[in-house]
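For reference, the structure is listed below as structure tokens.
Number of protein chains: 2
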Amino acid sequence: MPDVSDESLAQSWHDLMGRYARLTCRLDRELEAAHGLSSSEFEVLQQLHGPAGPGKLRMTELGERAHLSQSALSRLVGRLERDGLVRRAACEADRRAVWIHITDAGRARYQEAQPTQRAILRTETWCAAVPPPEEPAG
Amino acid sequence: MPDVSDESLAQSWHDLMGRYARLTCRLDRELEAAHGLSSSEFEVLQQLHGPAGPGKLRMTELGERAHLSQSALSRLVGRLERDGLVRRAACEADRRAVWIHITDAGRARYQEAQPTQRAILRTETWCAAVPPPEEPAG
DNA sequence: GTGCATCAAATGCACAAGCATTAATTGCTC
DNA sequence: GAGCAATTAATGCTTGTGCATTTGATGCAC
Numbered sequence: 001m002p003d004v005s006d007e008s009l010a011q012s013w014h015d016l017m018g019r020y021a022r023l024t025c026r027l028d029r030e031l032e033a034a035h036g037l038s039s040s041e042f043e044v045l046q047q048l049h050g051p052a053g054p055g056k057l058r059m060t061e062l063g064e065r066a067h068l069s070q071s072a073l074s075r076l077v078g079r080l081e082r083d084g085l086v087r088r089a090a091c092e093a094d095r096r097a098v099w100i101h102i103t104d105a106g107r108a109r110y111q112e113a114q115p116t117q118r119a120i121l122r123t124e125t126w127c128a129a130v131p132p133p134e135e136p137a138g
Numbered sequence: 001m002p003d004v005s006d007e008s009l010a011q012s013w014h015d016l017m018g019r020y021a022r023l024t025c026r027l028d029r030e031l032e033a034a035h036g037l038s039s040s041e042f043e044v045l046q047q048l049h050g051p052a053g054p055g056k057l058r059m060t061e062l063g064e065r066a067h068l069s070q071s072a073l074s075r076l077v078g079r080l081e082r083d084g085l086v087r088r089a090a091c092e093a094d095r096r097a098v099w100i101h102i103t104d105a106g107r108a109r110y111q112e113a114q115p116t117q118r119a120i121l122r123t124e125t126w127c128a129a130v131p132p133p134e135e136p137a138g
């Protein structure tokens with residue numbers, strides 16, 4: 001007989017799957033339609049754009065920050081590079097590694113897409129912390 | 001300049017992505033290795049096994065409950081059927097629809113896999129509600 | 001009855017992801 | 001220095017997914 005807390009945990013997980021599926025689906029669809037980016041690509045650009053400061057990161061670090069597997073990231077960066085949004089550059093310190101630089105076009109695309117992503121996060125109910133989506137003032 | 005609450009929302013979403021990625025990855029790997037099921041297949045069997053009572057559900061209903069798209073579900077059910085875990089049956093009331101029945105083998109597989117899944121949900125930190133994973137008594 | 005919009009499910013096609021492997025580089029030991 | 005395990009990233013192969021389309025059934029208007 002299953003533990004009660006196990007069952008409520010399973011329920012929480014099921015709910016999380018639902019929220020995640022709905023949100024990712026909307027993000028993928030709308031970011032793709034409006035800016036030609038998948039949600040993963042957006043996340044990668046976000047990591048490069050923001051906290052990194054110099055706008056460059058090595059593959060491994062980038063993979064951890066964007067929660068992507070090594071092979072998924074390798075191909076994703078390939079696509080971003082093909083589209084001119086990032087650039088691969090040799091790493092002098094460790095020649096096995098590669099620096100991924102965000103390009104001007106990449107920054108522009110990210111800045112253009114950011115409001116779209118933020119708006120979806122605001123208007124889709126996916127997290128208890130999200131305030132009621134529509135609160136017509138007054 | 002971005003709204004502060006937007007940024008914290010983006011941070012929450014990023015965290016959710018991380019938790020989701022880690023957990024799904026572990027579930028997929030361990031359920032696959034131990035029971036030959038992906039996490040989505042497990043979820044589908046769970047929906048058929050549990051709340052449905054009679055152990056049958058129509059595709060559309062099943063897709064909503066398991067958070068799967070129509071085409072993903074169609075093929076997933078195809079795989080489960082090939083493996084003898086579910087059975088498709090004509091729906092007399094609406095001949096466009098299809099009943100998906102869980103088979104005895106399907107129930108057995110689910111019951112065998114459930115403890116594996118529950119254990120992962122318990123031991124992986126993915127949600128504030130999860131108690132500290134390892135609490136060596138005393 | 002005919003005609004037509006709607007809906008359920010399956011499928012062709014293109015693309016993304018995971019696993020396993022490979023190639024190149026590094027750091028460590030001797 | 002030579003030898004070797006560990007690490008970084010890319011890639012071949014197979015599998016799963018989404019989008020768009022197709023097939024077949026339903027319900028409604030006429």
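Chains R and A supply the protein sequences, listed in that same order. For the first sequence, UniProt numbering assigns the number 1 to the initial residue and increments by one for each residue that follows. For the second sequence, UniProt numbering assigns the number 1 to the initial residue and increments by one for each residue that follows. Note that CB positions come from ideal geometry on N, CA and C, so glycine has one too. Treat the numbers as computed from the prediction; the structure is a model and nothing was measured.
Kindly identify the DSSP beta-bridge partner or partners of residue i.
i      : result
R29(R) : In DSSP, R29(R) forms no bridge with anything.
A90(A) : V98(A)
L57(R) : I100(R)
Which whole-angstrom value is the C-beta distance of residue i and residue j, which I expect to be below 8 Å?
i       : j       : result
L62(R)  : L73(R)  : 6 Å
I102(A) : L68(A)  : I102(A) to L68(A), Cβ: 16 Å. No contact.
A97(A)  : R58(A)  : 5 Å
L121(A) : W13(R)  : 6 Å
A34(R)  : T123(R) : About 15 Å; that fails the 8 Å criterion.
R29(R)  : W126(R) : Wrong, their Cβ atoms sit about 15 Å apart, outside the cutoff.
L85(A)  : R109(A) : 6 Å
S38(A)  : L45(A)  : Actually they do not touch by this definition, with Cβ atoms about 11 Å apart.
L9(A)   : Y20(R)  : 15 Å between Cβ atoms; not a contact.
A66(A)  : E43(A)  : 5 Å
Could you tell me the boundaries of the alpha helix (DSSP H) in which residue i lies?
i      : result
H67(R) : That residue, H67(R), is in no alpha helix (DSSP H); it is neither H nor E in DSSP.
L45(R) : 39-49
Can you look up residue i in the DSSP assignment and give me helix, strand or coil?
i       : result
W126(R) : coil
G84(R)  : coil
E135(R) : Any reading at E135(R) must be qualified, since the residue scores a pLDDT of 47, below 50, and its modelled position is unreliable; the value itself is stated next. Of the three classes helix, strand and coil, the one that applies to E135(R) here is coil, per DSSP.
G78(A)  : helix
G36(A)  : coil
Confirm the yes/no value for this check: CB of residue i, any heavy atom of the ligand SAM, distance under 8 Å.
i       : result
A108(A) : No copy of the ligand SAM occurs in the structure displayed, which carries no ligand at all.
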